[in-house]
Amino acid sequence: MSFSTQLKQELLSIENIKPCCMLSETYGLILFSKSFSKRSMFLNTENSQVAERYYSCINRLAVDGVSFTKSDSGKCKVSVNSEASRLRVLSAFGFSGNERSRRINWANIENDCCLYSFIRGVFLACGNISDPEKSYHVEFCVPYSLKNDLLRVLGEIELKPKEIKRNNNYYLYFKDSEDILTLLASIGANNSVLEFTGVKIFKDMRNNINRKTNFENANLDRTVNAALVQTEAILKLKKQGKFNTLPTELRQLAQLRLDNPDLSLKEIGEMLEPPLSRSGVNHRLQKLINLSQ
Ligand SMILES: [Zn+2]
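Residues -10 to 282 (our numbering) are what the sequence shown spells out, left to right.
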């Protein structure tokens, strides 16, 4: 499964959303689909779970005349067939159907809490993310008339994507790993944040190794392998929800290890308050590894 599919699956499984936020998420999903007007209203996607979510949202609003088709190659299309139904959906979000272009109706995302859910819906409709192992890249394929509105929404969470036109489509995209993490965290994709962070740590570490050519290789391999095992154990503790229940001295050390993947145990020990010897650090890291198993 691609990282993008996995992320969308996680987003679709988020529960306990406030009714106002649920409506904003639905709004983002429907507004940023392929077409949203009196004349036509449909979503194209290869992700059948996203298609199902769109179908159930729109079915609730349009009541009847919604069709769901899936081609042999797996492409899904969900479409609202009658104009009366399309008008019902439009009016649910405050549109008459006579608007000249598709724009965000800000009244639907008035509360601060709703903004994140709205972005989640937009990402489900038109977002894509590369596998972080290969590259750091997130993009939204947006209708031209909504481009500036989405820029404004993303600006609210301090993101300033770049724009590009490709095959008659407009894309907003960013490639900075910190920006991608900000997006993932904002839309509530906690597991994806952890996975992305893990990949990033390993990649940074690999890059560092390539730079430090004058190191003795065998020794370095040992250090790096040990650091990998430690980092993996700490990320696992986070995933298991045990991280925050660790005793303070273990938690501090775990965080230092995550933040400084290429430091030696001696250097990490010196950063602790009070400082700890190399073997003391080693002992505590071993404890963390045992706890994660
Ligand atoms: Zn809300």
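Even for Gly, the Cβ is constructed at its ideal location relative to N, Cα and C.
For a quick check, are the C-beta atoms of residue i and residue j less than 8 Å apart?
{"i": "P121", "j": "F185", "result": "yes"}
{"i": "V213", "j": "L172", "result": "no"}
{"i": "Y16", "j": "F129", "result": "no"}
{"i": "R273", "j": "L242", "result": "yes"}
{"i": "L0", "j": "F163", "result": "no"}
{"i": "L217", "j": "L183", "result": "no"}
{"i": "L247", "j": "T220", "result": "yes"}
{"i": "L140", "j": "D168", "result": "no"}
{"i": "L226", "j": "L280", "result": "yes"}
{"i": "S13", "j": "G110", "result": "yes"}
{"i": "K222", "j": "L277", "result": "Lys is not the amino acid found at residue 222; the sequence shown has Ala there. Going by C-beta atoms, A222 is nearer than 8 Å to L277."}
{"i": "C102", "j": "C46", "result": "no"}
Examine ligand 1 and report whether any of its heavy atoms sits within less than 7 Å of the Cβ of residue i.
{"i": "K23", "result": "no"}
{"i": "S175", "result": "no"}
{"i": "N5", "result": "no"}
{"i": "S106", "result": "yes"}
{"i": "N100", "result": "yes"}
{"i": "S2", "result": "no"}
{"i": "S13", "result": "yes"}
{"i": "C10", "result": "yes"}
{"i": "C103", "result": "yes"}
Based on the DSSP secondary-structure assignment, which residues constitute the bridge partners of residue i?
{"i": "I118", "result": "V127"}
{"i": "L161", "result": "F129, E152"}
{"i": "E68", "result": "It should be pointed out that residue 68 corresponds to Ser in this sequence rather than to Glu. The partner list for S68 (beta bridge, DSSP) reads F31, S56."}
{"i": "F25", "result": "M30"}
Got a sec? Which residues, its chain only, sit under 6 Å from residue i by beta carbon, not counting five neighbours each side?
{"i": "L79", "result": "G86"}
{"i": "A114", "result": "L18, F21, S22"}
{"i": "E254", "result": "According to the sequence shown, residue 254 is Leu rather than Glu. R267, V270, N271."}
{"i": "T34", "result": "A40, C65"}
{"i": "S124", "result": "none"}
{"i": "K7", "result": "none"}
Hey, residue i and residue j are a contact pair by Cβ (cut 8 Å); roughly how many whole angstroms apart?
{"i": "F57", "j": "V67", "result": "5 Å"}
{"i": "S37", "j": "K59", "result": "7 Å"}
With a CB to CB cut of under 8 Å and the five nearest residues on each side skipped, what residues in its chain are close to residue i?
{"i": "D53", "result": "S71, S74"}
{"i": "R91", "result": "L20, F25, S26, P132, S134, L135"}
{"i": "Y296", "result": "It is not possible to answer for residue 296, since the shown part of the chain is limited to -10 through 282."}
With a threshold of 7 Å on Cβ separation, who are the neighbours of residue i within its own chain once the five nearest residues in sequence on each side are excluded?
{"i": "N94", "result": "F82, G83, F84"}
{"i": "E283", "result": "Examination of residue 283 is not possible in this model, given that the chain is present from -10 through 282 alone."}
{"i": "G258", "result": "P264, L265, S266, R267, G269, V270"}
{"i": "S(-9)", "result": "D120"}
{"i": "L(-4)", "result": "I118, A178, S181"}
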